[in-house]
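Here the sequence shown is numbered in numbering that gives the first Met the number 0, starting from 0 and rising by one per residue. Heads up, the beta-carbon is just placed ideally off N, CA and C, and yes, glycines get one too. One structure below.
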Amino acid sequence: MTPVTIPAAGSGPAEAPRTAGGTAHGAWADIAGAAARTAGVTVRTVHDVAGIHAVADFLADVWQTPRATPPYPAEVLHSLVHAGGAVHAAYAAGPSGERLAGAAVAVFGAPAERDVYSFVAAAAAAGRGVGFAVKQAQRLWALERGATTMRWTFDPLVRRNARFNLVKLGAVGSEYLVDFYGPMNDGVNDGDESDRLTVTWDLATGTTRTDGLAAARSAAGGVTRAPDGGPLALRDADRLWCRVPEDIVTLRAADPALALAWRHAVRGVFTEAYAEGLRATAMSRDGWYLLTRSSSDTPGQTSHETAHATSNERQR
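This is the structure we're talking about:
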């Protein structure tokens, strides 16, 4: 395994300084190192057979599939690394040695776009910021290789992941994909349709968003009702808010029909909004997406916060 170069300077996340040529990579290394220390993990790129097999097993556990049929088999991960991609793994110290606490996989997209595509990212530790540390290591790896953006998909009904991606990382929901994978037979997505939201992360910004505008939301007019009888969508002249269930994974297991009704309801709001030119830019703590017309309409941004990411983060 080859360690990612993340200097141990500083005691916490900090906003990266800017230079005439952009943000200094050394500053991003400081941020990645601080995120790893806050989470209590070491993040490394993985190349060896045993390490990659361990990552494949970890991803199988997160997505609740048999280890014999992981969502990303070890041979696929090997091929992605050989093609110039990276498997990042976060390790936490324990009484019996290191244990895997998070992982992510990324490859480069079209060279002309200087874009990286993150296939998968997951963290199992509750409230420790492991997911944030892994994404910062991914960001540093991508920046050092000339990338300017990173994209990935996630289930738009999983509000904790929406908040992590849009608010904590500051990405933007650039594309809504209807039933992107078709039927999925893992233990997390069984019985549902696989709509996904693509997010695009500007790797050079170094900012997180606030989920503000609660007062504006409370003053907005109602548009439609949600499957639970409450409001689903609110809007004013320039913005739209869409609510998602508190825990779609638990709801899917307990009441698949109701979970699917939520899927279709949110899909209707998003597909119409995206056709109109709106994009998801934030997620409130109480489960409301904010969709706006342009970056100038997004909530205020602040330097990197130190709050930890939520448990069982999943991107796929």
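Sixteen is the threshold: since fewer than 16 other Cβ atoms of the shown chains lie within 10 Å of the Cβ of Gly-145, the residue is exposed. Here Tyr-288 has Cys-241, Ala-279 and Met-282 as same chain residues with Cβ atoms under 6 Å from its own Cβ, once five neighbours each way along the sequence are excluded.
It is roughly 16 Å from the alpha-carbon of Phe-269 to the alpha-carbon of Asp-235. Trp-151 is not a Cβ neighbour of Thr-207, given a cutoff of 9 Å.
Under a 10 Å Cβ-count criterion, Arg-66 is classified as exposed, with fewer than 16 other Cβ atoms of the shown protein chains found around its own Cβ. Around the Cβ of His-87, a 10 Å sphere holds 16 or more other Cβ atoms; the residue is buried. Between Thr-291 and Arg-238, the CB-CB gap stays under 9 Å.
As DSSP reads the structure, Arg-127 sits in no beta bridge.
In the displayed model, Leu-289 falls within a strand according to three-state DSSP.
Between Ala-82 and Pro-70, the gap from beta carbon to beta carbon reaches 9 Å or more.
Only buried fits Ala-26, as 16 or more other CB atoms lie within 10 angstroms of its CB.
According to DSSP, residue pairing for Glu-174 in a beta bridge involves Thr-197. Excluding the 5 residues flanking it on each side, Gly-276 has same chain C-beta neighbours closer than 7 Å at Arg-292, in chain order. Beta-bridge partners of Tyr-116 (DSSP): Val-106 and Arg-150.
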